[in-house]
């Protein structure tokens, strides 16, 4: 597909806006939290960076789907945690400080892991003959520009002008939601004729990826005896992905909007499970308080 204002302007601006909003809420102390609870942070990052791609790959192999959809599913699995996870963790009674820590560090780490894992997925599902590849250096640079730079700008504004940052954070959050809705709407309009087929092809994989990732995040946290708030946080952090980045890579960098469909569906479905996680988290924390 030819480049358009959608792939060259709307996607990068939307993602930068989301990451700017994250930066406006961050301070340097947030980066020191990983040393305060290394076990919980390690479990969360391991689940996000290592287990989630394995889960995604397993689902893509087991569930029957076209290779282009399988790659799109993998792009969600290798993306970092979404900013919305912080809000959902808060509403669910989870560890918000840990959630912020995991979102920030997964965003930093995936600058390096996304190009590597993405090319492995492209080569495996589409083969070398497809002539579709992700240039590692260029991709790292693009992800850095549209994620880390806005975060750094937001942090600087928060450091110098905290009141302004607090006001801007609310605005950027609303704009980010509007941009994400616009992105999904554009994808739906462009792929309207193929949409029912795409839902049939990608729907089951998306649902399995979301549900299994949250279950694994919660299960491994419980197994390793993290506290209840941390268990809730890790489950949500692993299940709520940065769908906008996945769409930016597939529809933007790879210029393949069919490949972006799983990310668009996931971006909608994860809020349903996010709502369920809020209800479950509240009941879990309530029962924990009652026992103590």
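Numbering (our numbering), first residue to last: 5 to 296.
Glycine included, every Cβ here is placed at the ideal spot set by N, Cα and C.
Given the structure is predicted, the values throughout are model-derived calculations rather than measurements.
Considering just the uninterrupted stretch of the alpha helix (DSSP H) at residue i, what are its terminal residues?
| i | result |
| --- | --- |
| residue 260 | First-last for residue 260: undefined, no H or E at that position. |
| residue 43 | 42 to 50 |
| residue 200 | 199 to 227 |
| residue 2 | The question about residue 2 has no answer, for the chain in this structure spans 5 to 296. |
| residue 19 | 15 to 28 |
| residue 156 | 153 to 164 |
| residue 240 | 232 to 243 |
| residue 60 | 56 to 66 |
On a Cα-Cα basis, can you pick out the residue from the options that is closest to residue i?
| i | options | result |
| --- | --- | --- |
| residue 166 | 21, 28, 102 and 24 | 28 |
| residue 283 | 266, 100, 260 and 236 | 236 |
| residue 3 | 18, 78 and 51 | No statement about residue 3 is possible, as the shown extent of the chain runs from 5 to 296 and does not include it. |
| residue 267 | 58, 281, 259 and 249 | 249 |
| residue 148 | 269, 279 and 16 | 16 |
| residue 304 | 58, 175, 55 and 105 | No statement about residue 304 is possible, as the shown extent of the chain runs from 5 to 296 and does not include it. |
| residue 271 | 120, 80 and 216 | 80 |
| residue 19 | 67, 185, 75 and 76 | 185 |
| residue 153 | 129, 171 and 112 | 112 |
| residue 190 | 290, 60, 251 and 131 | 251 |
| residue 128 | 203, 158, 75 and 106 | 75 |
| residue 290 | 145, 232 and 49 | 232 |
| residue 56 | 98, 126, 179 and 224 | 224 |
| residue 254 | 36, 119 and 96 | 119 |
| residue 50 | 85, 262 and 70 | 85 |
For a test of the three-state rule: what should DSSP assign to residue i, helix, strand or coil?
| i | result |
| --- | --- |
| residue 85 | strand |
| residue 133 | Residue placement at residue 133 is poorly supported in this model, since its pLDDT is 49, which falls under 50; the coordinates are not used for a value here. |
| residue 31 | coil |
| residue 69 | coil |
| residue 246 | coil |
Would you report the Cα separation of residue i and residue j, rounded to the nearest angstrom?
| i | j | result |
| --- | --- | --- |
| residue 117 | residue 197 | 34 Å |
| residue 188 | residue 38 | 34 Å |
| residue 62 | residue 193 | 31 Å |
| residue 141 | residue 124 | 15 Å |
| residue 239 | residue 110 | 14 Å |
| residue 214 | residue 244 | 8 Å |
| residue 90 | residue 259 | 30 Å |
| residue 217 | residue 163 | 35 Å |
| residue 168 | residue 279 | 30 Å |
| residue 200 | residue 206 | 10 Å |
| residue 52 | residue 171 | 31 Å |
| residue 131 | residue 285 | 42 Å |
| residue 105 | residue 46 | 11 Å |
Measure the Cβ-Cβ separation of residue i and residue j and say whether it is below 8 Å.
| i | j | result |
| --- | --- | --- |
| residue 151 | residue 274 | no |
| residue 242 | residue 220 | yes |
| residue 121 | residue 58 | no |
| residue 143 | residue 14 | no |
| residue 30 | residue 155 | yes |
| residue 93 | residue 87 | no |
| residue 95 | residue 234 | no |
| residue 263 | residue 72 | yes |
| residue 265 | residue 222 | no |
| residue 230 | residue 44 | yes |
Does any heavy atom of the ligand SAH sit closer than 7 Å to the C-beta of residue i?
| i | result |
| --- | --- |
| residue 27 | Ligands are entirely absent from the displayed structure, and the ligand SAH is therefore not among its contents. |
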